[in-house]
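Residue numbers (our numbering), protein chains in the order written: chain A, -12 to 414; chain B, -12 to 414; chain C, -12 to 414; chain D, -12 to 414.
What follows is the structure, encoded as structure tokens:
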């Protein structure tokens, strides 16, 4: 999936080995607050049980690294090849996605044993120190893959717990700073011109970020910060969910079909707006970025505000000029979505972290796109239709996983990802 | 639910207290082979998680006994009133049935603590020895209710495990005796006449078994034993599932809509028929009663065989003449559906145990039926439409729960209950 | 389908020929007020286009009479064998029921030509005067079959027009008499005893009315008249549709799932209740029998009123004692559902006409039931599950089609038939 | 919708009046071969009855021209404002789209009277000769709108007739020329560079074709002709519909979910491939462009062929260089989809007519897009999500309706439009 590993990232087999352990441990850390039942349930077809995530990420290393590169490797269990294959047709059959929550066995301890089994074999492989670059690339891909599933674990757990009338918490609440105000929205101007878009080849990137290519961008302006809960609440209270003129036709049909009246996880309780969070039900903080909105809601808000969503090229052009800093999932110190230090969420030009940012770009191949060869070619390319691109990363995205060229994507009606947005406008 | 408790059954508060403990312990025994995940999943809207069964049967005693009859009783958790209410509108709201499998918390240990909490309060109540008859009746009803859920636990666990590609077993297989043959089918003749049907008032009975009343029955003949796997296989191999002339219209539409080609849990593997059982996948035994067929399949087989299903009055008339003996769930020695001792399954006139027997009678109120008063009136009466009656009890039915007048009922397309059938014909 | 044709009914081939013409003409008369579009549309899977009814009843004579009994008969069009087969698997394939409204061609004139073609061949057959009794029986069955479809035409047209926001009328309104009051409800008592139920063999009857057999009936009382709109409105206004305690569980789920708040075709307009009728939207007349209620609604009303629905045996026992008189579809003078002459609708012991009466009996084979042989055995028997019996006939039922033993049947949630009910109670 | 009407198009009120008559007459001509039933049925929610198309296009002129610009205009029928509003929320309520086929009245003659009523008022308005430019623009938009519905009429009629087991024809077959071969596929090369995309303002254009803007296009090559039936058949016979590696994930799920094994309307009959056409079932002609394929099928074929679909910008860049010539719907000589004169379908660089060409571009706003003001802003903009762009026009598209910048769009799973494709590849 990568052509040239960067100095910092791979360096030596040693650093890959260390990174392997760190990433794998993080997954276990994320599961620690969870009971076997928490790890087994599937709240909707889009989500998967945590147990499945823990097994599937392991299956990835077993299938794409150990099978081909670790002579004598013995599979943990024959049936896992099908049971934990997500969508790789080239590998073979898959257990139906919507039925992942109907599998009570293997139990959680069995899955942990599976992880340990694969980790031992991976350690032996990585310790040998003679890994070929192609193999190292697949290991690196596996780690980024696992980081994606770490974010999915938090998304899926949040969704599952939100359906429980007891409103249970995944973690305890962190103390919220006194956010006394939101920085006023400023419009950052960018001139028209041809821009280079896509991976520069200086580190890991997915195949969908390549090839680097040129695009002509008219002049545009980008909002200096994300749209906040308070701003979105004004849209809600202005009857935003009742006015078809503000919505795409599919969007309004979705709103009415599903009975949406606010972002996912918002609820009015005792007369005040609250938000279900990983720490349970919490008062809605007006100065925080709005989160868990669909593309349709982001688009409708933008229309209401007399603006539009940025394209992914516009976001990348802006993001390439600033450091990758933001409120991310810190490995080794897991605090998904803590309260931000005062003011930081409003840092000028902050284009990373906190929430994924919907763009108005549909997810499509870059000019000259070539998917990876073999089964791994199914990783990204086959989803390039009917999805919208999100940029920037969220507070549940591992910090080392993000970059300015990163293309996340979801269907326009989905909301369980940590998705918000910023405004753009024509110059 | 009962007017006159029988000598043997109640006798004294002491015997009720002992019986309470026995029944409650049996539920826990049934759950012992299960992991927390096994207990948390819901395989379909008709089924419920084991954890839910354990909680709901407890809720029954809390709601209908302790709330009204145990002064000073403190609820274990306020939210359980809604969470574990199955369908009693008079008690209040209910958590949606199809979403019982989306509740990871309370965890299994919490439910066990809930059971212990209620059991302590029930023990204190029952030990006082001054229980009024009306209260004792509700306790007795609660025990029969829990016995119904014991059967549901085994039905639901079997269904859940059957969906697992690993084909896991709930219990180990018992040694199968050498069944060298099936007793030939004989036709037992019964003369026409007016029969008394329904509860005699000599022990516990549900309200739907009352009042005892007269019915005119034309002369009829009843098969001396249940239809066997071997016999049903002949129907399958004769193209039974492909011939619309053998089926009710709804039945054939169901067969085609669901793609049925054999009873539930049958599968051909390596060229031989197998059956998924509580002990995992086992070879299909020809001499065992066919099980897990819908009403439609029983009806079609009967038509194919030139016979018909009995009415519930015919079954009761015959069953009233023989002792309640058969292959039931033995409390204190839990072996659901063991292999039968050689020959016993073929005992003449055996009308109980092994499998529930579909009748051609729809579930309807007896003439003069009055549902119990209050919320408990919802127990049976409100289901009296679009269901067919089954009689006789199954190997997963607790032995002390069954009697000749017992009316079980299921919708005609259901198959996950342990349902088989015997033939009848006009004289 | 019949054993002994009665003197009056058949008499001679001549009378059969005359009756054939009358019945066939009536179908055309019913279609006269309709445009080609009215005749082509299908408003729901339960309903069929009028054009289909006109063709299918013709197909019946072609398939079951002419094919076997008219040597040299030439089919009108080969494809009609499949296209207009309703549900006779023994005849062969069928065009899918739900897609009857997707067939724009053959056009209405083609269907009329098809009818003329078959009518000519039938006339030739009937004129020969040497019809064997078996053949005459099938002709007679075909005529009753066509009469059933005449009622279906009016049901289906009413439903189709009701979906049209223009609220069009099938016929002009007839002058409504001044109904100054409803006769008070009296309870007619019937003693317990064994009753003979089913066809006496004195005229045409369907196979499902046979064999005549005995049933034991406890003493009961029957309401002297049907429940009226005014009475049902009191149930509505008492919150009847909001109180789960009044309903069967399936019934309440249906009410909530479909959003029912009153009988089908009722609507409040300008503050007053109206009813969509074959003459368009009309003010709701309080003294008319309530119509277009489901079994669930009839059952819930009865519970609310402290009574119950009669069984079909109770209805037949009572109906056998009175003449078959009521407000029926008069052939030769088509006025479906005219206003009743003052007072007649309240005639004591009137058990026929106006509306079909729901009974609490599910549709099941009589003891000793044998379906007709051959394809015609599919006429009735294969529907004997999950349906409830209605008795008495309606204002859209042809007068010569009804009798005390007649068993109509519909699924409990259906309402587009002209269905009402009367109350019963235990003595 | 337009800024500067071109000399040729509008010129004077006189030419607009003439064009109005021509376009309106063409709609009636298209309906002439159809019976009232043909015009009333709706074959699926995506399609509409022809009668509805005839009324809705009339409603467009009534609502957007006559209401505001013809003082004293009297509506034909009040209820039509809702009944024939397609999706303009700013105008008010709409009759539900999926229920357009449940409206038997107004009958076809009533709709024709409605058309005549509006045409008289329009004629009076246009004859006055003092039309303001803004009004003339809306009239022009209404004519293009009606031309779009002319194509929809043919699409929808074809779909409806295809569901009829009689396989009826809309028109008689035209003599098929002897197509002796397909011109070999050549690759036309285009250099990289900045291109101007979008409406030049020289004639009518929809708002979605504006504003004209620059885009950077890498070098690319375009196939000289459309993919043919014969070529697509090779894909089918190579197991194309069974190989998940060739498909987008959504595409393969659609193929399996719907059971697709070939393009819509293809069927094998007597061992040979046929195609249902407007002239009934015809042998499949290998040299004709493949038609009625979804985006998914076009995309899968391209992957199988080692190529890709063009972007809409690539198509426009190429199309802008050639005249708008092709096999279109000729007004005044209606022969939708006649057989092409030998060779013409293979004319080099032919980029118009015959079939719409799928592009790999999702339907999105051009940079700086502003929807038209008022209700007409709903015409295009609100559909800009989850749709793919098609270019070039089809044999059922009116000739005067098409141009190089025209953007058609459909959801990727749709096939009832006349859609084919050509290949592209990176240079």
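C-beta atoms are modelled at their ideal positions from N, C-alpha and C, and glycine is treated no differently.
Within 9 Å (strictly less), CB to CB, does residue i reach chain D?
i, result
"residue 140/C", "no"
"residue 93/C", "yes"
At the 9 Å Cβ level, is residue i part of the contact set with chain A, yes or no?
i, result
"residue 373/B", "no"
"residue 332/B", "Confidence in residue 332/B is poor, its pLDDT being 45 and thus under 50, which makes the residue's placement unreliable; the coordinate value appears in the next sentence. No, its Cβ sits nowhere closer than 9 Å to a Cβ of chain A."
"residue 79/B", "no"
List the residues of chain A whose Cβ lies closer than 9 Å to the Cβ of residue i, in chain order.
i, result
"residue 69/B", "152"
"residue 82/B", "152"
Taking DSSP as the reference, what is the three-state secondary structure of residue i?
i, result
"residue 72/D", "coil"
"residue 335/D", "Residue placement at residue 335/D cannot be trusted, given a pLDDT of 40 that sits under 50; what the coordinates show is reported in the next sentence. Three-state DSSP puts residue 335/D in coil, outside helix and strand."
"residue 176/A", "strand"
"residue 380/B", "coil"
"residue 216/C", "helix"
"residue 140/D", "helix"
"residue 195/A", "helix"
"residue 392/D", "coil"
"residue 20/D", "coil"
"residue 262/C", "strand"
"residue 308/B", "coil"
"residue 346/B", "strand"
For a contact defined as C-beta to C-beta under 7 Å, what are the partners of residue i on chain D?
i, result
"residue 145/A", "Simply none; closest approach about 25 Å."
"residue 349/A", "349 and 351"
Could you tell me if residue i is buried or exposed, where buried requires 16 or more neighbouring beta carbons within 10 angstroms of its beta carbon?
i, result
"residue 211/C", "buried"
"residue 329/D", "Per-residue confidence for residue 329/D stands at a pLDDT of 47, beneath the threshold of 50, marking its modelled position as unreliable; the derived number appears in the next sentence. Classification of residue 329/D: exposed, given that the 10 Å Cβ count is below 16."
"residue 179/C", "exposed"
"residue 341/C", "buried"
"residue 224/A", "exposed"
Since residue i and residue j are thought to touch, with beta carbons under 8 Å apart, how far apart are those beta carbons, to the nearest angstrom?
i, j, result
"residue 406/B", "residue 377/B", "6 Å"
"residue 339/D", "residue 293/D", "Not really, about 26 Å apart at Cβ, beyond 8 Å."
"residue 241/A", "residue 400/A", "5 Å"
"residue 40/C", "residue 49/C", "With 8 Å as the limit, residue 40/C and residue 49/C do not qualify as a contact, their Cβ atoms being about 15 Å apart."
Could you tell me whether the Cβ of residue i comes closer than 9 Å to any Cβ of chain C?
i, result
"residue 403/D", "no"
Would residue i pass as an interface residue toward chain B - the criterion being a Cβ-Cβ separation below 9 Å?
i, result
"residue 235/C", "yes"
"residue 148/A", "yes"
"residue 32/C", "no"
Could you work out which residues of chain A lie near residue i, taking near to mean beta carbons separated by less than 8 Å?
i, result
"residue 355/D", "205 and 413"
"residue 88/B", "28 and 88"
Name, please, each residue of chain C whose Cβ falls closer than 8 Å to the Cβ of residue i.
i, result
"residue 200/B", "205"
What residues from chain C crowd round residue i, counting only those whose CB sits closer than 9 Å?
i, result
"residue 66/D", "152 and 153"
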